[in-house]
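Data block below; observations after.
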Amino acid sequence: MLYVPKVSEKEKEENHKQFSERRALYRTKSFDFAESRKFILQKAGILSDSILEIGTGYGDTAIALTKTGYKITAIDRDIESLKIAAANLAYENLLPNVKFYVMNAEAMDFKKESFKSAICVNLFHHIKKVDKVLSEADRVLSKKGRFILADFNKKGIEIVNKIHKDEGRIHENLGIKEDYSYSYLNKLGYRTKRYKEKYHWVLVSEK
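Position 133, counted from 1, in the sequence shown is what our numbering calls 891; the numbers after and before it change by one each time, with no gaps.
Okay, structure coming up:
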(Lines of atoms letter the chains of each structure in order from A; the text may use other names.)
(Lines give C-alpha, C1' and ligand atoms only; values in the text may rest on other atoms or scores of the structure.)
Protein backbone atom coordinates (compact mmCIF):
# COMPACT_ATOMS: atom_id res chain seq x y z
CA MET A 759 0.00 0.00 0.00
CA LEU A 760 1.34 3.39 -1.00
CA TYR A 761 1.71 5.71 2.00
CA VAL A 762 1.56 9.44 1.26
CA PRO A 763 2.62 11.30 4.41
CA LYS A 764 1.24 14.65 5.51
CA VAL A 765 3.49 16.20 8.13
CA SER A 766 2.49 19.39 9.96
CA GLU A 767 5.09 21.88 11.20
CA LYS A 768 4.22 20.99 14.79
CA GLU A 769 4.67 17.26 14.12
CA LYS A 770 7.93 17.93 12.33
CA GLU A 771 9.40 19.96 15.20
CA GLU A 772 8.17 17.67 17.99
CA ASN A 773 9.43 14.56 16.22
CA HIS A 774 12.80 16.15 15.52
CA LYS A 775 13.23 16.98 19.21
CA GLN A 776 12.49 13.39 20.25
CA PHE A 777 14.62 11.93 17.47
CA SER A 778 17.59 14.18 18.31
CA GLU A 779 17.39 13.31 21.99
CA ARG A 780 17.30 9.62 21.13
CA ARG A 781 20.33 9.79 18.86
CA ALA A 782 22.19 11.91 21.45
CA LEU A 783 21.56 9.16 24.02
CA TYR A 784 23.29 6.67 21.74
CA ARG A 785 26.20 9.04 21.25
CA THR A 786 26.80 8.98 25.02
CA LYS A 787 27.63 5.30 24.40
CA SER A 788 29.96 6.32 21.53
CA PHE A 789 27.40 5.01 19.01
CA ASP A 790 26.75 7.57 16.27
CA PHE A 791 23.99 6.41 13.90
CA ALA A 792 24.88 9.00 11.26
CA GLU A 793 28.55 7.98 11.21
CA SER A 794 27.58 4.31 10.92
CA ARG A 795 25.42 5.11 7.89
CA LYS A 796 28.29 7.05 6.30
CA PHE A 797 30.51 3.97 6.63
CA ILE A 798 27.87 1.67 5.15
CA LEU A 799 27.19 3.95 2.18
CA GLN A 800 30.90 4.43 1.57
CA LYS A 801 31.33 0.66 1.29
CA ALA A 802 28.21 0.43 -0.88
CA GLY A 803 29.82 2.66 -3.49
CA ILE A 804 27.93 4.58 -6.16
CA LEU A 805 24.43 3.13 -6.49
CA SER A 806 22.35 2.97 -9.63
CA ASP A 807 19.09 4.87 -9.79
CA SER A 808 15.98 2.96 -8.75
CA ILE A 809 16.90 2.21 -5.14
CA LEU A 810 14.78 0.17 -2.73
CA GLU A 811 15.24 0.49 1.02
CA ILE A 812 13.90 -2.54 2.88
CA GLY A 813 12.75 -1.83 6.44
CA THR A 814 13.22 1.93 6.59
CA GLY A 815 12.47 2.17 10.32
CA TYR A 816 12.83 5.75 11.56
CA GLY A 817 14.57 6.92 8.40
CA ASP A 818 18.28 7.02 9.29
CA THR A 819 19.34 5.31 6.06
CA ALA A 820 16.76 7.17 3.96
CA ILE A 821 18.14 10.46 5.25
CA ALA A 822 21.73 9.42 4.51
CA LEU A 823 20.81 8.31 0.98
CA THR A 824 18.73 11.35 0.07
CA LYS A 825 21.31 13.75 1.49
CA THR A 826 23.72 12.18 -0.98
CA GLY A 827 21.29 13.05 -3.78
CA TYR A 828 19.45 9.77 -4.33
CA LYS A 829 15.72 9.32 -4.74
CA ILE A 830 14.48 6.10 -3.21
CA THR A 831 11.53 3.81 -2.59
CA ALA A 832 11.23 2.82 1.07
CA ILE A 833 9.15 0.04 2.60
CA ASP A 834 8.25 -0.94 6.15
CA ARG A 835 5.42 -3.09 7.44
CA ASP A 836 4.87 -0.70 10.38
CA ILE A 837 3.04 2.48 9.37
CA GLU A 838 3.97 4.19 12.65
CA SER A 839 7.65 3.81 11.77
CA LEU A 840 6.97 5.29 8.33
CA LYS A 841 5.26 8.28 9.94
CA ILE A 842 8.36 8.94 12.05
CA ALA A 843 10.66 8.46 9.05
CA ALA A 844 8.54 10.89 7.03
CA ALA A 845 8.71 13.50 9.79
CA ASN A 846 12.50 13.11 10.03
CA LEU A 847 12.85 13.53 6.28
CA ALA A 848 10.48 16.49 6.26
CA TYR A 849 12.63 18.26 8.86
CA GLU A 850 15.61 17.88 6.52
CA ASN A 851 13.54 19.03 3.51
CA LEU A 852 14.13 15.63 1.90
CA LEU A 853 10.62 14.18 1.98
CA PRO A 854 9.94 14.64 -1.79
CA ASN A 855 12.86 12.30 -2.52
CA VAL A 856 11.22 9.23 -0.94
CA LYS A 857 8.21 7.16 -1.98
CA PHE A 858 6.84 5.12 0.93
CA TYR A 859 4.99 1.81 0.96
CA VAL A 860 3.49 -0.13 3.86
CA MET A 861 4.78 -3.54 2.85
CA ASN A 862 6.11 -6.80 4.29
CA ALA A 863 9.66 -7.52 3.13
CA GLU A 864 8.86 -11.25 3.03
CA ALA A 865 6.25 -10.75 0.29
CA MET A 866 6.78 -7.56 -1.68
CA ASP A 867 4.25 -6.30 -4.20
CA PHE A 868 6.86 -5.10 -6.68
CA LYS A 869 7.39 -6.82 -10.01
CA LYS A 870 10.45 -8.88 -10.81
CA GLU A 871 13.62 -6.84 -11.44
CA SER A 872 11.97 -3.54 -10.41
CA PHE A 873 15.10 -2.05 -8.81
CA LYS A 874 18.79 -1.75 -9.62
CA SER A 875 19.88 -1.40 -5.99
CA ALA A 876 18.53 -2.50 -2.62
CA ILE A 877 19.67 -1.65 0.89
CA CYS A 878 18.63 -3.06 4.24
CA VAL A 879 20.08 -1.79 7.54
CA ASN A 880 19.33 -2.93 11.11
CA LEU A 881 16.39 -5.13 10.16
CA PHE A 882 17.63 -8.71 10.16
CA HIS A 883 17.94 -9.09 13.95
CA HIS A 884 14.13 -8.72 13.96
CA ILE A 885 13.51 -11.27 11.17
CA LYS A 886 12.79 -14.98 11.65
CA LYS A 887 12.52 -15.99 7.99
CA VAL A 888 15.69 -14.39 6.64
CA ASP A 889 15.67 -16.59 3.54
CA LYS A 890 12.29 -15.16 2.49
CA VAL A 891 13.52 -11.58 2.71
CA LEU A 892 16.71 -12.41 0.83
CA SER A 893 14.78 -14.28 -1.86
CA GLU A 894 12.37 -11.38 -2.28
CA ALA A 895 15.22 -8.89 -2.50
CA ASP A 896 16.80 -11.09 -5.17
CA ARG A 897 13.51 -11.27 -7.08
CA VAL A 898 12.96 -7.50 -7.23
CA LEU A 899 16.61 -6.73 -8.07
CA SER A 900 17.55 -6.46 -11.73
CA LYS A 901 20.43 -8.34 -13.33
CA LYS A 902 23.78 -6.98 -12.11
CA GLY A 903 21.89 -5.32 -9.24
CA ARG A 904 23.59 -4.50 -5.96
CA PHE A 905 22.31 -5.49 -2.52
CA ILE A 906 23.68 -3.81 0.62
CA LEU A 907 22.86 -5.58 3.85
CA ALA A 908 23.99 -4.44 7.31
CA ASP A 909 22.97 -5.04 10.89
CA PHE A 910 24.23 -4.72 14.43
CA ASN A 911 27.19 -6.83 15.47
CA LYS A 912 27.54 -8.19 19.01
CA LYS A 913 28.81 -4.89 20.37
CA GLY A 914 26.04 -2.92 18.66
CA ILE A 915 23.32 -5.28 19.88
CA GLU A 916 24.61 -5.03 23.45
CA ILE A 917 24.32 -1.24 23.42
CA VAL A 918 20.83 -1.26 21.88
CA ASN A 919 19.64 -3.91 24.33
CA LYS A 920 21.04 -1.97 27.30
CA ILE A 921 19.40 1.30 26.32
CA HIS A 922 16.05 -0.43 25.91
CA LYS A 923 16.48 -2.21 29.25
CA ASP A 924 17.31 1.07 31.03
CA GLU A 925 14.04 2.43 29.65
CA GLY A 926 12.09 -0.54 30.97
CA ARG A 927 11.59 -2.14 27.58
CA ILE A 928 12.81 -5.30 25.88
CA HIS A 929 14.51 -4.96 22.51
CA GLU A 930 13.49 -7.69 20.07
CA ASN A 931 16.66 -9.51 19.07
CA LEU A 932 16.54 -12.80 17.18
CA GLY A 933 20.30 -12.99 16.74
CA ILE A 934 23.13 -11.95 14.46
CA LYS A 935 22.60 -13.41 10.98
CA GLU A 936 25.72 -12.32 9.09
CA ASP A 937 27.09 -15.78 8.27
CA TYR A 938 23.69 -17.17 7.25
CA SER A 939 23.00 -14.18 5.00
CA TYR A 940 26.45 -14.38 3.43
CA SER A 941 26.03 -18.08 2.66
CA TYR A 942 22.51 -17.67 1.32
CA LEU A 943 23.51 -14.85 -1.03
CA ASN A 944 26.42 -16.93 -2.29
CA LYS A 945 23.99 -19.78 -3.05
CA LEU A 946 21.91 -17.32 -5.06
CA GLY A 947 25.00 -16.53 -7.12
CA TYR A 948 25.99 -13.17 -5.63
CA ARG A 949 29.59 -12.02 -5.29
CA THR A 950 29.78 -10.62 -1.79
CA LYS A 951 32.33 -8.48 0.06
CA ARG A 952 32.25 -8.34 3.84
CA TYR A 953 33.09 -5.29 5.95
CA LYS A 954 33.19 -4.57 9.66
CA GLU A 955 32.15 -1.26 11.20
CA LYS A 956 32.44 -0.57 14.92
CA TYR A 957 28.84 -1.58 15.60
CA HIS A 958 27.78 -3.28 12.35
CA TRP A 959 28.58 -6.06 9.97
CA VAL A 960 28.14 -5.09 6.30
CA LEU A 961 27.66 -7.19 3.15
CA VAL A 962 27.89 -5.63 -0.31
CA SER A 963 26.65 -8.13 -2.89
CA GLU A 964 26.69 -7.95 -6.68
CA LYS A 965 24.12 -10.02 -8.56
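The C-beta atom is built at its ideal place from N, Cα and C for all residues, glycine as well. Keep in mind the model is a prediction, meaning the values are calculated, not measured.
- Counted as a single uninterrupted DSSP element, the alpha helix (DSSP H) harbouring Asp818 occupies residues 818-825.
- Here DSSP, grouped into helix, strand and coil, assigns Glu850 to coil.
- Taken in chain order, the whole beta strand (DSSP E) runs of length 3 or more contained in the segment 895-924 are 899-910.
- Contact annotation: Leu847 and Gly817 have beta-carbon atoms nearer than 7 Å.
- For Glu772, the three-state secondary structure derived from DSSP is helix.
- The C-alpha of Gly947 lies about 39 Å from the C-alpha of Asn851.
- DSSP places Ser778 within a helical segment (H, G or I) once states are collapsed to three.
- Residue environment for Leu899: buried (at least 16 other C-beta atoms within 10 angstroms of its C-beta).
- Along the length of the segment 852-883, whole alpha helix (DSSP H) runs at least 4 residues long do not occur.
- By the beta-carbon neighbour count (other beta carbons within 10 angstroms, threshold 16), Leu783 is exposed.
- Ranked by Cα distance from Glu838, the first of Gly813, Lys796, Ser963 is Gly813.
- Contact check between the segment 850-864 and the segment 912-922: fewer than three CB pairs, one atom from each, fall below 8 Å, which does not count as touching.
- One alpha carbon belongs to Leu932, the other to Tyr938, and they sit about 13 Å apart.
- Around the C-beta of Thr786, fewer than 16 other C-beta atoms lie within 10 Å, and the residue is accordingly described as exposed.
- In the structure shown, Lys886 adopts coil according to DSSP, grouped into three states.
- Contact annotation: Leu760 and Tyr859 have beta-carbon atoms nearer than 7 Å.
- A residue is called buried when at least 16 other Cβ atoms come within 10 angstroms of its Cβ; Asp896 meets this threshold and is buried.
- DSSP places Ser963 in the uninterrupted beta strand (DSSP E) bounded by 958-964.
- Where Asp834 is concerned, the enclosing beta strand (DSSP E) starts and stops at 830-834.
- Here the segment 883-897 does not lie against the segment 762-780, with fewer than 3 beta-carbon pairs under 8 Å apart.
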